[in-house]
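Note sheet for the following structure.
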Amino acid sequence: VATLLLILVTFLTEEVASQVEPGPEPVLNGQVLLGDSVLTLGTVVLHVLSDLTQGEIDSTIVDNEGAFSLQLPRIPDPTSGEFYFASVRRDGVMYFGPPITTAIQLDSLYQIQAYDTLLAPTEGVPITLEARNIFLEQVGESWRVTDLFQIRNDRDRTVVPRAGGRTWSYPLAEGARDVSTSEGEMSEDVVSYEEGALVVRAALPPGERLFIVRYSLDLPAISVPTPGETEVLDLLVREPAPPLEVQGLQQTASVELDPGESYRRYAGENYSQPILGVILGEEIPPPPVQWIAVVLALVLAVSGLIAFRGSAAESVKAVRSRKAILVQLAHLDEEFEHSGSATKHATRRYRKRREELIQILRSED
């Protein structure tokens, strides 16, 4: 009986297991775009990146519609710290798709955007400077500058350098020392500081790029070259700082970037001056004690004069009112005396009116 039950349980377990549908396979379905069309020839590479490992794990060829499919080794788990992404190389430039961190992303078409290339002259090409933020902060006896360049390639092609050439460059402030460069998506060997300028030798696809340059200055008074046009230009000086005069920018409300860190802000839009000049302003010293006393005395004197003028005006009004009543009273007495023998009614009216005028006089005192 025990053997029969064991056989029955095993059979039922296998039957149920055979009816359970397998879970969805983690497959990345995507497409490679070339400008506004599709890339019909190319190899897509699947990468994995985590705290422990990184590298290529698979590759495939795109079809004539630019489509591809890649099998993932595991379902993406955002808690694992592991993510996947795919890339394609076009004319020597590597293009990357967005990172895959969750399983739900596999339900959408994964896209990699690639472009044709434009070979830059040796000195590079003009690139739109979308925004520039210059941070000034006093560190000991010198000033530390963090210079952020947000550029935008408005072309429909990726700008690539010639051998030994550059794609873009921009001069930095005069007197800059201890210069270091960085950029989130590019290695240091393609972003450098040469002969007073930020030099970029990397390929620049259409769209935005951020470059960060840090350097030191002896004084906050600087002369910053600003060739071309800068769409948005900000100078932010960490407080406390000496008074500054910034030519071409308007001082706006201070900003607090971190709790307790206030920055004085000078801002401008569509800045097209060749130089941004920052000079030390004049300190406004507090008035000496004797001058404070003089100013206070003047304030009190003016206040007293205003009060006196107010009370004097009221007094004039009162005097003019009393004079008018007295004139009326004199005319009333004169008329009564010249009336001769007045009737009792006229006498009562005279006395009543005289008493009213006298009461008014008393109320004015």
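Under the working numbering, the letters of the sequence shown match residues 23 to 387, in that order. Yeah, the Cβ is synthetic: ideal placement off N, Cα and C, and Gly gets one too.
Flag this pair as yes or no: are the beta carbons of residue i and residue j separated by less than 7 Å?
{"i": "aspartate 256", "j": "serine 164", "result": "no"}
{"i": "alanine 195", "j": "valine 246", "result": "yes"}
{"i": "leucine 92", "j": "threonine 101", "result": "no"}
{"i": "tyrosine 285", "j": "leucine 258", "result": "yes"}
{"i": "arginine 174", "j": "glutamate 230", "result": "yes"}
{"i": "valine 110", "j": "glycine 64", "result": "yes"}
{"i": "tyrosine 237", "j": "valine 161", "result": "no"}
With a CB to CB cut of under 6 Å and the five nearest residues on each side skipped, what residues in its chain are close to residue i?
{"i": "glycine 119", "result": "Phe107, Ala108, Tyr132, Ile134"}
{"i": "leucine 56", "result": "Ala136"}
{"i": "arginine 331", "result": "Confidence at arginine 331 is low in this model, with a pLDDT of 44, below 50, so its placement is unreliable and the value that follows should be read with caution. Excluding positions up to five away in sequence, the list is empty."}
{"i": "isoleucine 303", "result": "One detail in the question is off: residue 303 reads as glycine in this sequence, not isoleucine. These residues qualify, in order along the chain: Pro265, Leu266, Glu267."}
{"i": "glycine 197", "result": "Leu239"}
{"i": "glutamate 152", "result": "Gln172, Arg174, Glu253"}
{"i": "valine 321", "result": "Low confidence applies here, because valine 321 scores a pLDDT of 43, under 50, leaving its location unreliable and the question unanswered by this model."}
{"i": "proline 417", "result": "Lying outside 23 to 387, the shown extent of the chain, residue 417 is not represented and no answer is given."}
With residue i and residue j assumed to form a contact (beta carbons below 8 Å), what rounded beta-carbon distance in angstroms separates them?
{"i": "tyrosine 137", "j": "proline 227", "result": "6 Å"}
{"i": "isoleucine 79", "j": "proline 98", "result": "At roughly 13 Å, the Cβ-Cβ gap does not stay under 8 Å, so isoleucine 79 and proline 98 are not in contact."}
{"i": "threonine 139", "j": "arginine 177", "result": "Threonine 139 to arginine 177, Cβ: 10 Å. No contact."}
{"i": "arginine 223", "j": "proline 281", "result": "Actually they are not in contact, since the Cβ atoms of arginine 223 and proline 281 sit about 39 Å apart, beyond 8 Å."}
{"i": "phenylalanine 233", "j": "threonine 252", "result": "Contact flag wrong, Cβ pair sits at about 14 Å."}
{"i": "glycine 290", "j": "glutamine 272", "result": "6 Å"}
For residue i, which of the options has the nearest alpha-carbon?
{"i": "glycine 299", "options": "Thr369, Ser59, Ile244, Phe157", "result": "Ile244"}
{"i": "glycine 250", "options": "Thr62, Val222, Ala263, Pro193", "result": "Pro193"}
{"i": "glutamate 278", "options": "Arg373, Phe157, Leu170", "result": "Phe157"}
{"i": "glutamine 269", "options": "Glu253, Arg111, Ile297, Pro242", "result": "Ile297"}
{"i": "threonine 150", "options": "Val49, Val161, Asn51, Thr248", "result": "Thr248"}
{"i": "leucine 128", "options": "Ala263, Leu50, Arg373, Pro242", "result": "Leu50"}
{"i": "glycine 103", "options": "Leu71, Gly114, Asp200, Ser130", "result": "Leu71"}
{"i": "valine 181", "options": "Thr124, Arg166, Met116", "result": "Met116"}
{"i": "arginine 66", "options": "Asp73, Gln295, Asp85, Ser214", "result": "The sequence given here has valine at residue 66, not arginine. Nearest option by C-alpha distance: Asp85."}
{"i": "leucine 170", "options": "Arg373, Asn155, Glu159, Ile126", "result": "Asn155"}
{"i": "phenylalanine 90", "options": "Thr62, Val213, Asp200, Asp113", "result": "Thr62"}
{"i": "arginine 112", "options": "Ala225, Lys366, Ala368, Tyr372", "result": "Ala225"}
{"i": "proline 148", "options": "Val221, Tyr372, Lys374", "result": "Val221"}
{"i": "serine 130", "options": "Gly218, Asp73, Pro48, Asp200", "result": "Pro48"}
Among the residues of its own chain, which have a CB less than 8 Å from the CB of residue i, if the five just before and after it don't count?
{"i": "serine 276", "result": "Glu261, Ser284, Tyr285, Arg286, Arg287"}
{"i": "histidine 69", "result": "Gln76, Gly77, Glu78, Ile79, Tyr106, Phe107, Ala108, Ser109"}
{"i": "proline 242", "result": "Leu158, Gln160, Trp165, Val259, Ala263, Pro264, Leu266, Val300, Leu302"}
Please list, in chain order, all residues of the same chain as residue i whose beta carbon is under 7 Å from its beta carbon, the five residues on each side excluded.
{"i": "valine 60", "result": "Gln53, Val54, Glu87, Gly88"}
{"i": "isoleucine 306", "result": "Bear in mind that the predicted position of isoleucine 306 carries a pLDDT of just 47, short of 50, making it too unreliable to give a figure here."}
Do three or more CB pairs link the stretch 143-150 to the stretch 183-199 at distances below 8 Å? yes
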